[in-house]
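First to last, the protein sequences are chains A and B. The first sequence begins at 970 in this note's numbering and counts up one residue at a time. The second sequence begins at 970 in this note's numbering and counts up one residue at a time. In this text, a Cβ means the ideal position worked out from N, Cα and C, and glycines have one as well.
Number of protein chains: 2
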Amino acid sequence: MDPQDHQQPELRQVLVLQPPFVFNIHEHLFADRFHVLKAYDSPLPTRDFLQANAQSVKVVLCSGIRDLPALKLVVTDATGVNHIDMAECVRRGIKVTNVGDVYSDDVADAAVGLLIDVMRRITSGERFVRDGCWTTSREYPLGAKLGGKRVGIVGLGNIGSRVATRLEAMGCIVSYTSRRKKQSTPFTFYPNILQLAFDSDALVLCCALTNNTRHMIDNKVMKALGKKGIIVNVARGALVDEVELVKCLLEGELGGVGLDVFENEPNAPRELFELDNVVFLPHAAAFTNESFYDVAQVMIANLEVFFGNKPLLTLVNNKF
Amino acid sequence: MDPQDHQQPELRQVLVLQPPFVFNIHEHLFADRFHVLKAYDSPLPTRDFLQANAQSVKVVLCSGIRDLPALKLVVTDATGVNHIDMAECVRRGIKVTNVGDVYSDDVADAAVGLLIDVMRRITSGERFVRDGCWTTSREYPLGAKLGGKRVGIVGLGNIGSRVATRLEAMGCIVSYTSRRKKQSTPFTFYPNILQLAFDSDALVLCCALTNNTRHMIDNKVMKALGKKGIIVNVARGALVDEVELVKCLLEGELGGVGLDVFENEPNAPRELFELDNVVFLPHAAAFTNESFYDVAQVMIANLEVFFGNKPLLTLVNNKF
């Protein structure tokens, strides 16, 4: 499809400061439909580039909103919006769309994959074979069975509820904590994380990062989970006090962790690189070929309805 | 419990030629109850040791049956009995017990773990982080979504049906092949493996190794599965023509594999050690602390009923 096919493409401006991940593969899907202003491709300094376009830009992909007085819409390619200045958006009546739940199944699969990995020692078994140890020693340490384990899900939203479905199929006993008790689930609700940790063999973190949830997994929660306890984090790194996490793991105060996210990405704590009970992913739980295509479709659909003056599809801040 | 607590412990002889895996942890559970004759611990050559005991031994753990004329029972700590001379057992009326389905949940979990691993690139993502690549390159290749994928299960028995339950919870479309169509399953039955492979994105091997199934996953099946196709094998290595498998993987004719078992264990094919789309386990899919304990219990229960002249619990060859 050619831009000329659209009505007034010059008015369908979309500013992009930094290319979102989805552009790696699907940039053409956007360029075909909208006038994509790429700040990162311009020979101008960003400030000059912005000034040249600031009066007209109504839509931005991702963040960087303070210099755009005409801004009406921020379209992010993420589920979480902790990287966007939401207070400024609220103040100025700027709408924010995320990608809804298109990542939820993939993140849930990755969470379950990480839990199986840690409990069943898959990546360490992998190293055992690849490093040639199997031929000299038959004594590979036993893992732990998933069936019957008590797994606490932190945040029973789009992702958490999908993790629960998967874990139930494996015979795990699922409980959860959440801002409020969900009406339509069979799982036991815990109003506080500490009690959930006491009563769980593993925690799977699936909640949003907010001022209330930052470092919610602290030393006390880790101690409550115990020496055999496992933590899987597919949400945001800062939910966990990473300094304490490293300390607990090095001191044997935790059973193991599966981490897709970290406090200071792309840096995973190097102190843990020698441990066999730690499984790392490079913040990839959401990323599949299929989810990338779906993300592009949701972003484009939001842009289309915005320019067509119709209601946004995945509005995050629905107060105005 | 002390041997003296039992009636005539000397008559409750159990011969062990090589210690089964379960002895690593639970040998005492057996020694407490039975007179365990350990050929491998004796200063005598095995032949002499056997001759000294051959006339009385009625029960053997695992294999090595030709020199034991009084043998009535073989108790294996495995599910498969392909390592036991079943023809000789049938000829002589020797009964064989396996461990029933105590491993099934753990093997199914490992199969699903391997499938997630290969599709979502977990172990290669692990290496990417651990090798320090993430800090220099953000471009980690995308994996594939599990939801909507057509997974063919080869052998819908205790393990295969549990794999199916787990994959359904992830939104996979499950089909299967098996010796005969199962009456009570909603999954599509394929009478032959080649057609199943044509119609599948991944195959999970869960069937027994027999003369009929040896090398059933041959070059034709791999080609039918195709360049994006994935194979997970948690059953027996010889189900797959490993030479062809290596060739297909090196030539990019298969999407990836997750292998717990190999034709020549403990040797995994070294040619694959550099590939990122291969995940290895050291024949550990069945092994957890929990399954080992359960295995000991099943073996002991079979021994108890045998010595008590009651029906065996997990008889494999139930023709006599």
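Cβ neighbour criterion (16 or more within 10 Å) applied to residue i
i	result
S1153/B	exposed
G1206/B	buried
H1052/A	exposed
P1251/B	buried
F1242/A	exposed
A1039/A	exposed
P1014/B	exposed
F1289/B	Here the model assigns F1289/B a pLDDT of 45, short of 50, so the residue's position is not dependable and the matter cannot be decided.
Q973/B	Low confidence applies to Q973/B: its pLDDT is 41, below 50, so where it sits in the model is not reliable enough to give any reading.
Y1145/B	buried
R1131/A	buried
P1155/A	exposed
E1108/B	exposed
G1277/B	exposed
N1271/B	buried
P1238/A	buried
Distance between residue j and residue i (C-alpha atoms, nearest Å)
i	j	result
K1041/B	P988/B	20 Å
D1100/A	G1094/A	10 Å
F1231/B	P1110/B	28 Å
C1031/B	L1208/B	22 Å
L1219/B	M1191/B	13 Å
I1063/B	A1254/B	29 Å
E1273/A	L980/A	12 Å
K1114/B	V1071/A	11 Å
G1117/A	N1181/B	36 Å
A1080/A	L1214/B	30 Å
M970/A	H995/A	Low confidence applies here, because M970/A scores a pLDDT of 39, under 50, leaving its location unreliable; read the following figure in that light. Spanning the two alpha carbons is a distance of roughly 14 Å.
F1158/A	I1200/B	39 Å
V1076/A	V1203/A	7 Å
L1282/A	A1047/A	14 Å
N1233/A	D1074/B	37 Å
L1165/B	D1036/B	44 Å
M1268/B	V1068/B	7 Å
H975/B	K1151/A	Unreliable positioning characterises H975/B in this predicted model, as indicated by a pLDDT of 47, which lies under 50. A coordinate reading is not provided.
H1004/A	S1011/A	14 Å
D1078/B	N1258/B	14 Å
W1103/B	N1236/A	7 Å
A1023/A	E1057/A	17 Å
Chain A contact residues for residue i, given Cβ-Cβ distances below 8 Å
i	result
K1114/B	D1074, D1075, D1078, T1257, N1258, E1259 and S1260
E1211/B	Correct list: empty, because the minimum Cβ distance to chain A is about 14 Å.
Within chain B, partners of residue i - CB distance below 7 Å
i	result
M1139/A	D1078 and R1135
V1173/A	Within 7 Å Cβ-Cβ: nothing; V1173/A doesn't reach chain B, min ~14 Å.
R1099/A	F1242 and F1249
R1107/A	P1235
E1057/A	What E1057/A touches in chain B: nothing, since even the nearest Cβ is about 27 Å away.
E1232/A	The premise fails here: E1232/A is roughly 14 Å from chain B at the closest Cβ pair, so nothing lies under 7 Å.
Under 9 Å from the C-beta of residue i: neighbouring residues of chain B
i	result
E1240/A	Those do not exist, as E1240/A stays about 12 Å from chain B at its closest Cβ, beyond 9 Å.
T1104/A	P1235, N1236 and A1237
For residue i, the first and last residue of its enclosing beta strand (DSSP E)
i	result
V1226/A	G1225 to L1228
S1144/B	I1142 to T1146
K1064/A	K1064 to T1066
L1006/B	H1004 to K1007
R1119/B	R1119 to V1123
I1200/A	I1199 to N1202
Closer than 8 Å at the beta carbon, the chain B residues around residue i
i	result
I1091/A	A1079, G1082, L1083, D1086, I1091, T1092, V1248 and L1250
Neighbouring residues, chain A, relative to residue i (Cβ below 7 Å)
i	result
L1292/B	Outside the displayed range of chain B (970 to 1289) lies residue 1292/B, so it cannot be described from this structure.
Residue interval of the alpha helix (DSSP H) (run including residue i)
i	result
K1150/B	It is not in any alpha helix (DSSP H) - K1150/B carries neither H nor E in the DSSP assignment.
I1034/A	First-last for I1034/A: undefined, no H or E at that position.
Cβ-Cβ separation, residue j to residue i (assumed contact under 8 Å), whole Å
i	j	result
G1112/A	R1089/A	4 Å
K1196/B	G1221/B	6 Å
A1133/A	L1125/A	7 Å
R1119/B	I1142/B	5 Å
Per-residue contacts from residue i into chain A (C-beta, under 9 Å)
i	result
E996/B	Correct list: empty, because the minimum Cβ distance to chain A is about 15 Å.
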